[in-house]
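Q: In the working numbering, the protein residues as written are 234 to 542. C-beta atoms are modelled at their ideal positions from N, C-alpha and C, and glycine is treated no differently. None of the values given here were measured: they were computed from a predicted structure. Right, I'll just put the structure down here and ask away after.
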Amino acid sequence: MPSTPVSTEAPRQEAGALLSLTALGVTFDTPEGEVAAARDVTLAVARGECLGVLGESGAGKSQVFLAVMGLLAANGRTAGSARFAGEELLGAAPSALDRVRGSRLAMVFQDPMTSLTPHLTAGAQLLEVLARHRQLHGAAAREAAQALLERVRLSEPGRRLGQYPHELSGGMRQRVMIALALARAPELLVLDEPTTALDVTIQAQILALLLELKREREMALVLISHDLGVLAGLADRVAVMRHGRIIESGAVREVLKSPRDPYTRELVQRALRDAQTPPAVERAAAERATAEHAAAERAAAEHATAEHA
Numbered sequence: 234m235p236s237t238p239v240s241t242e243a244p245r246q247e248a249g250a251l252l253s254l255t256a257l258g259v260t261f262d263t264p265e266g267e268v269a270a271a272r273d274v275t276l277a278v279a280r281g282e283c284l285g286v287l288g289e290s291g292a293g294k295s296q297v298f299l300a301v302m303g304l305l306a307a308n309g310r311t312a313g314s315a316r317f318a319g320e321e322l323l324g325a326a327p328s329a330l331d332r333v334r335g336s337r338l339a340m341v342f343q344d345p346m347t348s349l350t351p352h353l354t355a356g357a358q359l360l361e362v363l364a365r366h367r368q369l370h371g372a373a374a375r376e377a378a379q380a381l382l383e384r385v386r387l388s389e390p391g392r393r394l395g396q397y398p399h400e401l402s403g404g405m406r407q408r409v410m411i412a413l414a415l416a417r418a419p420e421l422l423v424l425d426e427p428t429t430a431l432d433v434t435i436q437a438q439i440l441a442l443l444l445e446l447k448r449e450r451e452m453a454l455v456l457i458s459h460d461l462g463v464l465a466g467l468a469d470r471v472a473v474m475r476h477g478r479i480i481e482s483g484a485v486r487e488v489l490k491s492p493r494d495p496y497t498r499e500l501v502q503r504a505l506r507d508a509q510t511p512p513a514v515e516r517a518a519a520e521r522a523t524a525e526h527a528a529a530e531r532a533a534a535e536h537a538t539a540e541h542a
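The structure is reproduced here in C-alpha cells:
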C-alpha cells in the first residue's frame with residue numbers, strides 16, 4: 234500500500250491558485266498492458282511563487298507537466314483535473330488549449346538541443362514566437378528578439394540571432410530556450426531540469442537568472458529537478474515525488490530542515506553527504522532571504538508610519 238503523502242504546510246486554497254492539479258493520473262498503453270506514470274497527484278501553484286518538484290529519474294515528474302501541457306505521447310492517457318486560472322486543461326478542445334499553452338503557460342524542456350529547431354537560427358525562432366504571440370514583425374520584432382537575448386544575459390546577442398543551435402554551447406541554448414519562453418510573456422513557466430548537463434558555473438548563472446526573472450515579472454515557476462541543491466536556492470515550496478506519487482510537500486525550508494518521509498530524509502542526507510549544493514545556489518537562497526527580510530522591514534515601517542499619521 235502506498236504511504237499517505239506528508240504535508241508540512243497548512244492546506245492551500247486551490248480556488249485562488251494559478252495552476253491546480255487534483256488527483257491527476259497519467260498512464261500509458263503498452264503491449265504489456267497499462268503502465269502508470271503518475272497517480273493521484275494533487276498540488277497547487279500560486280501566482281508569483283516557485284514550486285519545486287523533486288524526485289529521481291522515473292518518478293513521474295515530467296509526465297505530470299507534459300500532461301498539463303497536452304503534450305503526452307499518443308499512447309498516453311490522463312485522469313483527474315488540471316485547471317489553469319480556473320479553466321480545465323485535460324480534455325480541452327485544441328483551440329481552448331492553444332489559448333493557454335505557449336502564451337499564459339509555457340514550458341522549457343530538459344534538452345534544448347532537441348527542443349530547438351535545428352535548421353532555424355535562434356533569431357528566426359524568436360521572430361516566429363514574437364509574431365505569433367505578440368504580433369511583432371520586422372524591425373520591431375528583431376529589436377525585441379535582441380532585447381530578450383540581452384535579458385537572459387547571452388553574450389553578443391546580435392550575433393547569436395544569426396546562429397543555429399549546433400553553433401551554440403549548452404548554456405547558450407538553455408538561455409535561448411528561456412528567451413523563447415519569455416517572448417510569450419507567460420504567467421507560469423515550467424522548467425524541466427533546466428541545469429542538467431551544464432557545468433557548475435553556468436548552472437549557477439541560469440539559476441540566478443531565473444530568480445531575477447521571477448521577481449522582475451512576478452511570474453510563477455515550476456522547477457522540476459532531481460537536484461535538491463537547485464531547488465533549495467529557488468523554490469518557495471517543494472513536492473517530493475516517488476513512483477508517480479507525491480509523498481511529501483511543504484515549504485522548502487521546512488521540508489529540507491525536518492523531512493518527515495524516510496525517502497525525503499534519504500534525499501536530504503545524500504545531498505549533504507555528496508555536497509551537491511553549488512555555492513551560487515546558497516548565494517541565491519541568501520539573496521532571497523535578504524530580499525524577504527527587507528520587504529518585511531519596509532512593510533513594518535509603512536505600517537508604523539500609517540499608525541502615526
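What residue ranges within the stretch 344 to 377 form continuous alpha helix (DSSP H) runs of no fewer than 4 residues, ordered along the chain?
A: Segments of the alpha helix (DSSP H) lying fully in the stretch 344 to 377: 345 to 348, 355 to 367.
Q: Go ahead and label THR428 buried or exposed: buried means 16 or more other beta carbons lie within 10 angstroms of its beta carbon, across all protein chains shown.
A: The residue in question, THR428, is buried, as its Cβ has 16 or more Cβ neighbours within 10 Å.
Q: Quick one: give me the first and last residue of the beta strand (DSSP E) that VAL485 is part of.
A: From DSSP, VAL485 is part of no beta strand (DSSP E) but of the alpha helix (DSSP H) over 485 to 490.
Q: Below 8 Å CB to CB, which residues in the same chain sit around THR354 once its five sequence neighbours on both sides are set aside?
A: Within the same chain, THR354 has close Cβ partners LEU394, GLY395, GLN396, TYR397.
Q: Let me make sure I understand the geometry here. Which of LEU489, GLY324, VAL268 has the alpha-carbon closest to that of HIS476?
A: Nearest option by C-alpha distance: VAL268.
Q: Where does MET405 sit, in a helix, a strand or coil, going by DSSP?
A: Helix at MET405.
Q: Inspect the CB distances between the stretch 360 to 369 and the stretch 406 to 416 and report whether three or more fall short of 8 Å.
A: The stretch 360 to 369, when compared against the stretch 406 to 416, does touch it at the 8 Å Cβ threshold.
Q: Should ALA300 and LEU257 be called a contact, given that it needs their Cβ atoms to be closer than 8 Å?
A: Cβ atoms of ALA300 and LEU257: closer than 8 Å.
Q: Entirely within the stretch 276 to 318 and at least 4 residues each: give me those alpha helix (DSSP H) ranges in chain order.
A: Runs of the alpha helix (DSSP H) inside the stretch 276 to 318: 294 to 302.
Q: What residue from PRO390, ALA378, TYR496, VAL259 has the CA that sits closest to ALA357's CA?
A: The shortest C-alpha separation from ALA357 is found at ALA378.
Q: Are the beta-carbon atoms belonging to VAL423 and MET340 less than 8 Å from one another?
A: It is a contact, given that the beta carbons lie within the stated cut-off.
Q: From VAL409 to GLY403, what distance separates their C-alpha atoms?
A: Using only the alpha carbons, I get a separation of about 10 Å.
Q: Report yes if the C-beta distance between ALA315 and LEU322 is below 8 Å; otherwise report no.
A: Yes, they are a contact pair.
Q: Verify whether the separation of the beta carbon atoms of GLU426 and GLN296 is less than 8 Å.
A: No, the pair does not count as a contact, with Cβ atoms beyond the cut-off.
Q: Taking its Cβ as the centre, do 16 or more other Cβ atoms sit within 10 Å of ARG498, making it buried, or is it exposed?
A: By the neighbour-count rule (16 or more Cβ atoms within 10 Å), ARG498 is not buried but exposed.
Q: Three-state secondary structure (DSSP) at THR255?
A: THR255 falls in the strand class under three-state DSSP.
Q: Looking at the structure shown, is MET474 part of a helix, part of a strand, or coil, going by DSSP?
A: Of the three classes helix, strand and coil, the one that applies to MET474 here is strand, per DSSP.
Q: Please state whether the Cβ-Cβ distance between PHE317 and ARG332 is less than 8 Å.
A: No, these two residues do not count as a Cβ contact at 8 Å.
Q: Work out the CA separation of ALA504 and VAL463 for me, nearest whole Å.
A: C-alpha separation (whole angstroms): 11 Å.
Q: Once you ignore the five residues that flank GLU376 on each side, which residues in its own chain have a CB closer than 6 Å to its CB?
A: Cβ neighbours of GLU376 beyond the five flanking positions: none.
Q: Identify the residues that DSSP records as bridge partners of THR260: which are they?
A: DSSP lists ALA269, ARG310 as partners of THR260.
Q: Quick check on the DSSP output: the alpha helix (DSSP H) that includes ASP494 runs from which residue to which?
A: Taken as a continuous stretch (DSSP letters only), ASP494 belongs to no alpha helix (DSSP H), as it is neither H nor E.
Q: Between THR275, ASP262, LEU456, which has its C-alpha nearest ALA250's C-alpha?
A: Out of THR275, ASP262, LEU456, THR275 has the C-alpha closest to the C-alpha of ALA250.
Q: Identify, in the order they occur along the chain, each residue of the same chain with its Cβ nearer than 7 Å to the Cβ of SER348, setting aside the five sequence neighbours on each side.
A: Closer than 7 Å at Cβ, skipping near neighbours: PHE342, MET410.
Q: What does the alpha-carbon distance come out to for the pair ARG450 and LEU442?
A: Spanning the two alpha carbons is a distance of roughly 12 Å.
Q: In chain order, what residues of the same chain lie with their CB nearer than 6 Å to the CB of PHE261, ignoring the 5 residues before and after it?
A: Excluding positions up to five away in sequence, the list reads VAL268, ASN308, GLY309.
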